[in-house]
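**Q**
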Amino acid sequence: MSADANPVKTPRLPLAPILVLLLLLLPAGIYSLSNLSSMTDWLKHTDKVRVSLARVLSTLVDAETGNRGYVLVIPSSLSPTIRRPRSGRLTLTKSVRSRATT
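To convert, note that position 22 of the sequence shown is 21 in numbering that gives the first Met the number 0; the numbers rise steadily by one, no gaps.
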């Protein structure tokens with residue numbers, strides 16, 4: 000028996016259809032990556048807005064806690080000065096509004 004009598008046939012895939020398929024899928028891959036980049040930008044923006052809102056909420060909770068203490072302790076003649084808006088709260092609110100609209 001010689002080695003040439005029973006050669007093992009290996010299946011060969013044609014190269015041209017595989018290359019055509021890859022070339023057809025290339026634009027879809029590029030579109031998918033550009034879409035992913037756009038979504039990443041939106042996620043970063045959303046995270047910035049959430050951080051700004053957390054700062055506003057923290058500031059408001061601190062102000063409310065402080066006002067509760069003053070209302071319990073100070074005389075009623077000083078209470079109108081406490082109710083004036085603080086510039087820090089307004090700045091934080093403007094910051095959140097500007098981030099949320101962009």
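Ideal Cβ positions, reconstructed from N, Cα and C, are used throughout, including at glycine.
With DSSP as the reference, label R11 as helix, strand or coil.
**A** To locate residue 11, count along the sequence shown from 1; it is residue 12. Of the three classes helix, strand and coil, the one that applies to R11 here is coil, per DSSP.
**Q** On the criterion of 16 or more Cβ atoms from any shown chain inside 10 Å, does V95 qualify as buried, or is it exposed?
**A** Start at 1 with the first residue of the sequence shown, and residue 95 comes out as number 96. With 16 or more Cβ atoms within 10 Å of its Cβ, V95 is classed as buried.
**Q** Return the CA-CA distance between A99 and D46, expressed in angstroms with no decimal places.
**A** Taking the first residue of the sequence shown as position 1, residue 99 is located at position 100. Taking the first residue of the sequence shown as position 1, residue 46 is located at position 47. A99 and D46: Cα-Cα distance of roughly 11 Å.
**Q** Roughly how many whole angstroms lie between the Cα atoms of R54 and H44?
**A** Taking the first residue of the sequence shown as position 1, residue 54 is located at position 55. Taking the first residue of the sequence shown as position 1, residue 44 is located at position 45. Distance between the alpha carbons of R54 and H44: 16 Å.
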